[in-house]
Amino acid sequence: MTRATRFSYLFLVAVIVLAAATHLATPLITVLFSYFALRRLYFGKRKWLALVLFFVVVAATLYGSGFLIRQAFVAFPKIAAESIPPLIAYAQSRGIELPFSDLDSLKAAIVDVVKNEFLFVGNFARAATTQLVFVLIGIVVAVSLFLNPRIEKSSNKPKRPDLFTTITDEIKIRFRLFYQSFETVMGAQIRISAINTLLTTIFVLAVSLKYKTFVIGLTFLCGLLPIVGNVISNAIIVGIAITMSPRLAIIALIFLIAIHKLEYFLNSKIIGDLIKNPVWLTLLALIIGERIMGIPGMILAPVVLNYIKVEASRLPPPDDVPVDKRD
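The letter at position 9 of the sequence shown is residue 235 when you use our numbering, and the numbering goes up by one with no holes.
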């Protein structure tokens with residue numbers, strides 16, 4: 227391994243560590259997702275068409291996100307007000323102690339948590355504005371990389387190899403492999419999320435579940451998080467079903483268990499065949515990623531796992547002794 231190669235590995239690690247330490251995971255994720263979308267929309271070698279389609283997708287995504295947030299502000303208080311009292315009564319009848327005794331105490335606890343979180347990052351408006359600026363910066367970076375991925379401006383004069391070009395060539399290899407890992411993992415996860423969302427949509431429409439649009443949108447977004455995303459969306463669907471009838475809640479629980487089993491099959495066939503990581507390793511990576519970067523860390527965790535495997539498979543073993551000649 228050359229010094230340039232070692233430096234390129236350190237550079238990639240430094241980028242990820244700095245993104246976590248400086249709370250810049252949002253632009254990093256935005257760059258990866260935006261570049262992923264641009265490559266998927268690149269038809270017939272016409273970059274201008276890909277850019278037009280990309281900005282249409284961005285506008286639709288921003289509108290959909292705003293709509294989903296508005297729906298969440300309307301739906302969550304109603305769901306909590308209707309589902310929490312029966313949950314408290316059931317827990318009290320079974321002698322289970324909950325961290326809250328009624329809906330008001332639960333609201334107070336949630337408000338305290340929210341206050342503590344936003345005391346760290348500032349008020350909500352400032353935090354939201356900052357994240358929006360980060361998203362826009364990430365989109366600009368991704369578009370720039372899509373239009374011109376070169377580190378240096380092209381020149382007609384031939385250049386002899388030097389330290390700078392050697393290092394930048396190695397860095398480009400590292401980031402290309404890292405992006406390919408993201409493309410592999412996220413492409414598979416989007417397919418799984420789309421299948422889960424389609425089946426959930428059929429169920430939601432069949433039983434006339436309340437807050438249909440909110441549930442469908444949330445199911446797709448949660449589906450982008452491996453394993454835990456399904457659990458989050460399932461809990462919300464069952465919570466909504468409880469507010470309608472206990473029988474519907476049982477039906478929803480049975481259906482979602484079946485969907486959960488189907489996701490294991492999909493993971494083994496779609497993700498497992500591509501990445502071949504055991505569930506326990508993925509869960510461990512998700513926990514570590516969440517502690518380091520929050521939700522962006524959970525998205526990046528399987529990507530980093532796959533990248534490590536790809537890089538390790540390209541490197542020679544620590545010694546050059548053939549396997550059949552070892553003791």
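All C-beta atoms, glycine included, are put in the ideal place defined by N, C-alpha and C.
Nearest C-alpha to Leu238 among Pro542, Ile534 and Arg540: Ile534.
Its Cα nearest to that of Thr508, the residue Val530 stands out among Pro542, Val530, Ile428 and Arg400. Taking C-beta separations shorter than 8 angstroms and ignoring five residues to either side along the sequence, the partners of Ile255 in its chain run Gly364, Pro522, Ile525 and Leu526, following chain order. Counting every other CB atom within 10 Å of its CB across the protein chains shown gives Met227 a total below 16, marking it as exposed. DSSP places Leu447 in the uninterrupted alpha helix (DSSP H) bounded by Lys438 to Gly449.
In the three-state reduction of the DSSP assignment, Met227 falls in the coil class. Per DSSP, the unbroken alpha helix (DSSP H) holding Ser260 starts and ends at Ala251 to Arg266. Here Gly290 carries a helix assignment [DSSP, helix/strand/coil].
Secondary structure of Asp388 (DSSP, three-state): coil. One alpha carbon belongs to Arg296, the other to Leu479, and they sit about 26 angstroms apart. In the DSSP assignment, Ser539 falls within the unbroken alpha helix (DSSP H) covering Ile521 to Arg540.
Exposed is the label assigned to Arg376, since fewer than 16 other Cβ atoms lie within 10 Å of its Cβ. The residue from Ile397, Ile442 and Asn532 with its alpha-carbon nearest to that of Leu294 is Ile442.
In this structure, DSSP gives Asn460 a helical state, which the three-state scheme calls helix. Comparing alpha-carbon positions, the option among Ala538, Ile514, Asn532 and Ser539 lying closest to Tyr405 turns out to be Asn532. The beta carbon of Val257 sits closer than 7 angstroms to the beta carbons of Gly364, Val367 and Ala368 from its chain, once the five residues preceding and following it are set aside; these are given in chain order. Put simply, of Gly292, Ser260 and Val241 the residue whose alpha carbon is nearest the alpha carbon of Met412 is Ser260. Arg232 and Leu244 have their C-alpha atoms spaced approximately 18 angstroms apart.
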